[in-house]
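See below for the structure under consideration.
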Amino acid sequence: MATAVELKPVSEQSECVLGKQVDTKSPPRKVPSLCSMRYGVAIFAHFCNFTFIAQNSIVSITMVAMVNSTDYQTHLNSSTNLSGDQHEASEHLSVKGTGYGGQFALWQKWAPPKERSRLCSIALSGMVLGTFAVLLVGGVISDALGWPFVFYIFDQCVCFQVSSEEQPFPIKSMLRSLPLWSMCLGTMTHQWLVNTFIIYTPTYISSVFKINIRDNGFLSSLPFFVAWVVGILGGQLADFLLRKNFRLVTVRKIVTILGNVPPVALIVALPYVQSSYITSIAFLTISCGISPLCQSGIYINALDIAPRYASLLMGTSRGLAHSSAVLVPIVGGFFLDQTLLGNEPQHGKPLESVI
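Position 151 (the sequence shown) corresponds to 328 in the working numbering; numbering is contiguous.
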């Protein structure tokens, strides 16, 4: 008795033998890249990060203009106007902080494993571009209109995010996870270096080379423009190594080491070459320029460790990392006070100690 065989649409690389479908191995279908939706999401996240960091980096260039001269007061100026809502600033900071970790919930669903490095590097490089734009344009605006207008112009950029419904998280397992703690430690040490560049680069250039605020903006922004380009190319490099069958952990270690060790070595050597204007700027540019290679390393490691909880893990690590933004000025002030008490020359030496 003959049995009916149900035929179903099959691919060109499959065969039907004795009523059974046999699929032969076929190469995966090539999907569009540059014109795809996931790259649109990466570009959108790029400009969101641009907005986040631009608003946070304004004070690094305007501080040079604020303290450019000393104006002695004839009376005490110890009062200030308070806002009606004392918690307004803290609310703005808490809302903005969700953007750093929240974007990794997108890459959990939108980034293929072989494209995570390049997509995340495109998105995260927006932070570097934001710093570059603030330092470049901020010097010109401060020179032409005054430093308050830098805040007025850049604070018009607004970006907000609405989170999804709450989900259960394995908090106890996270606290016992050594990979998570190592990722947090690595992110914090690298962010310490980045915050040092952002906070002290304009002041360092001003104190050592004695240039005006407009030229200071151009020179201070140059390292961050190089960092923006290197950050995007670093993602391409990481995915290229993965396509060449390098181990994932090896690729992450390579880019993390390249983004940390050479910049620190160049910064340590910076005090010994400050007599040469070109060499000092070159060292500062290269050290800051190659540091974003870590964007393809520890900064997206949460997608490798636990893709489902990447948003929470990245938010946790970045939250601890951004504590360095509080510690760097404190440590910098300590070194400055020690130098002033010791009556040492102030020709850039305190800032070199901080860096």
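Don't be surprised by glycine CBs; every beta carbon is placed ideally from N, CA and C.
Give the C-beta separation of residue 418 and residue 403 to the nearest angstrom, bearing in mind that I take them to be a contact with Cβ-Cβ under 8 Å.
Residue mapping note: residue 418 aligns to position 241 of the sequence shown, counting from 1. Residue mapping note: residue 403 aligns to position 226 of the sequence shown, counting from 1. Not really, about 22 Å apart at Cβ, beyond 8 Å.
Around the Cβ of residue 401, are there at least 16 other Cβ atoms within 10 angstroms (buried) or fewer (exposed)?
Sequence index remark: in the sequence shown, residue 401 carries index 224 (1-based). Its Cβ being crowded by 16 or more others within 10 Å, residue 401 is buried.
Helix, strand or coil: how does DSSP classify residue 468 here?
For this step, residue 468 is matched to residue 291 along the sequence shown. Three-state result, residue 468: helix.
DSSP state of residue 358 mapped onto helix, strand, coil
Counting from one through the sequence shown, the residue named residue 358 turns up at place 181. Correct three-state label for residue 358: helix.
Would residue 219 and residue 365 be called neighbours here (beta carbons separated by less than 7 Å)?
To locate residue 219, count along the sequence shown from 1; it is residue 42. To locate residue 365, count along the sequence shown from 1; it is residue 188. No.
Rank 310, 239, 409 by C-alpha distance to the C-alpha of residue 322 and give the top, closest one.
The residue you call residue 322 lines up with position 145 of the sequence shown. Comparing Cα-Cα distances from residue 322 to each of 310, 239, 409, the minimum goes to 239.
On a CA-only basis, which of 511, 484, 502 is nearest residue 233? Give me that one, please.
Mapped onto the sequence shown, residue 233 falls at position 56. Per the Cα distances, 502.
Terminal residues of the alpha helix (DSSP H) in which residue 478 lies
As a first step, residue 478 is located in the sequence shown; it is residue number 301 there, counting from the start. Residue 478 -> alpha helix (DSSP H) spans 478-482.
List the whole-angstrom C-beta distance separating residue 602 from residue 436, where the pair is believed to meet the contact cut-off of C-beta under 8 Å.
Given a span of 178 to 532 for the chain in the structure shown, any question on residue 602 remains unanswerable.
Considering only residues of the same chain and omitting the five flanking positions on each side of residue 317, which have a CB-CB separation below 8 Å?
As a working note, residue 317 is residue 140 in the sequence shown. Annotation for residue 317: 391, 394 place their beta carbon closer than 8 Å to its own, counting only its chain and skipping 5 residues before and after.
Residue 224 versus residue 397 - alpha carbon distance:
The sequence position of residue 224 within the sequence shown is 47, counting from 1. The sequence position of residue 397 within the sequence shown is 220, counting from 1. For residue 224 and residue 397, the distance between alpha carbons rounds to 21 Å.
Would you tell me roughly how many angstroms separate the C-alpha atoms of residue 221 and residue 460, rounded to the nearest one?
Numbered from 1 along the sequence shown, position 44 holds the residue referred to as residue 221. Numbered from 1 along the sequence shown, position 283 holds the residue referred to as residue 460. In this model, residue 221 and residue 460 are separated by some 32 Å (Cα to Cα).
Contact defined as beta carbons within less than 8 Å: I believe residue 298 pairs with residue 408. What is the distance between those atoms, to the nearest angstrom?
Here residue 298 refers to the residue found at position 121 when the sequence shown is read from its first residue. Here residue 408 refers to the residue found at position 231 when the sequence shown is read from its first residue. Approximately 5 Å separates the beta-carbon atoms of residue 298 and residue 408; this is inside 8 Å, confirming the contact.
Give me the Cα-Cα distance between residue 308 and residue 228, rounded to the nearest whole angstrom.
For the purposes of this step, residue 308 is taken as residue 131 along the sequence shown, with counting starting at 1. For the purposes of this step, residue 228 is taken as residue 51 along the sequence shown, with counting starting at 1. One C-alpha to the other measures close to 10 Å.
Can you tell me whether DSSP reads residue 227 as helix, strand or coil?
In the sequence shown, residue 227 corresponds to position 50, counting from 1. The answer is helix: DSSP assigns residue 227 an H, G or I state.
Comparing alpha-carbon positions, which option in 357, 217, 423 lies nearest residue 494?
Taking the first residue of the sequence shown as position 1, residue 494 is located at position 317. Comparing Cα positions, the closest option is 357.
Under the three-state reduction of DSSP, which class applies to residue 422: helix, strand or coil?
Taking the sequence shown and counting its residues from 1, the one referred to as residue 422 is at position 245. Three-state result, residue 422: coil.
Residue 411 versus residue 348 - alpha carbon distance
Counting from one through the sequence shown, the residue named residue 411 turns up at place 234. Counting from one through the sequence shown, the residue named residue 348 turns up at place 171. Answer to the nearest angstrom: the Cα atoms are 32 Å apart.
Which of the three DSSP states, helix, strand or coil, is assigned to residue 296?
Translated into positions along the sequence shown, residue 296 becomes position 119. The three-state secondary structure of residue 296, taken from DSSP, is helix.
If you follow the alpha helix (DSSP H) that residue 488 is part of, which residue opens it and which one closes it?
As a first step, residue 488 is located in the sequence shown; it is residue number 311 there, counting from the start. From DSSP, the alpha helix (DSSP H) with residue 488 extends over 487-498.
For the alpha helix (DSSP H) holding residue 447, just list the boundary residues, first then last.
Numbered from 1 along the sequence shown, position 270 holds the residue referred to as residue 447. Segment: none, residue 447 is in no alpha helix (DSSP H) and carries neither H nor E.
In the structure shown, what three-state DSSP assignment does residue 412 receive?
The residue labelled residue 412 in the question sits at position 235 within the sequence shown. Correct three-state label for residue 412: helix.
When 216, 383, 438 are compared against residue 312, the one with the closest alpha-carbon
Taking the first residue of the sequence shown as position 1, residue 312 is located at position 135. Residue 383 is the option with its Cα nearest to residue 312.
Which stretch, first to last residue, makes up the alpha helix (DSSP H) that contains residue 352?
Against the sequence shown, residue 352 aligns to sequence position 175. First-last of the alpha helix (DSSP H) with residue 352: 348-352.
Inter-residue CB distance, residue 302 and residue 469 (contact presumed, cutoff 8 Å):
Along the sequence shown, one-based indexing puts residue 302 at 125. Along the sequence shown, one-based indexing puts residue 469 at 292. Between the beta-carbon of residue 302 and that of residue 469 there is about 7 Å, and that keeps the pair under the 8 Å contact cut.
Between the Cα of residue 304 and the Cα atoms of 388, 371, 500, which residue gives the shortest distance?
By 1-based counting over the sequence shown, the position of residue 304 is 127. Closest option to residue 304, Cα to Cα, is 371.
Going by beta carbon distance, what residues of the same chain come within less than 7 Å of residue 471, once the five residues before and after it are set aside?
As a first step, residue 471 must be located in the sequence shown, where it is residue number 294. Hits under 7 Å: 367, 432, 433, 436, 437.
Coarse secondary structure for residue 388, derived from DSSP in three states
For the purposes of this step, residue 388 is taken as the residue at position 211 of the sequence shown. Looking at residue 388 - three-state DSSP - the assignment turns out to be coil, as it is neither helix nor strand.
Distance, residue 380 Cα to residue 420 Cα:
Sequence index remark: in the sequence shown, residue 420 carries index 243 (1-based). Sequence index remark: in the sequence shown, residue 380 carries index 203 (1-based). Their Cα atoms are separated by approximately 43 Å.
Per-residue burial, residue 477 [other beta carbons within 10 Å of its own, 16 or more giving buried]:
Working through the sequence shown from its first residue, we reach residue 477 at position 300. Buried, by the Cβ-count rule.
Put residue 303 into one of helix, strand or coil per three-state DSSP.
For the purposes of this step, residue 303 is taken as residue 126 along the sequence shown, with counting starting at 1. Note: residue 303 maps to helix in three-state DSSP.
Of all the options 445, 482, 506, which has the alpha carbon lying nearest to the alpha carbon of residue 355?
Reading the sequence shown from its first residue, position 178 is the one you call residue 355. Of the candidates 445, 482, 506, the one whose C-alpha sits nearest the C-alpha of residue 355 is 482.
Just to confirm my understanding: we take residue 505, look at its own chain, exclude 5 residues before and 5 after, and list those with CB closer than 7 Å. What are they?
Position 328 of the sequence shown holds residue 505. Answer for residue 505: 369, 372, 373, 376, listed in chain order.
Roughly how many angstroms lie between the CA atoms of residue 353 and residue 315, to the nearest whole one?
Here the question's residue 353 lines up with position 176 in the sequence shown. Here the question's residue 315 lines up with position 138 in the sequence shown. Spanning the two alpha carbons is a distance of roughly 44 Å.
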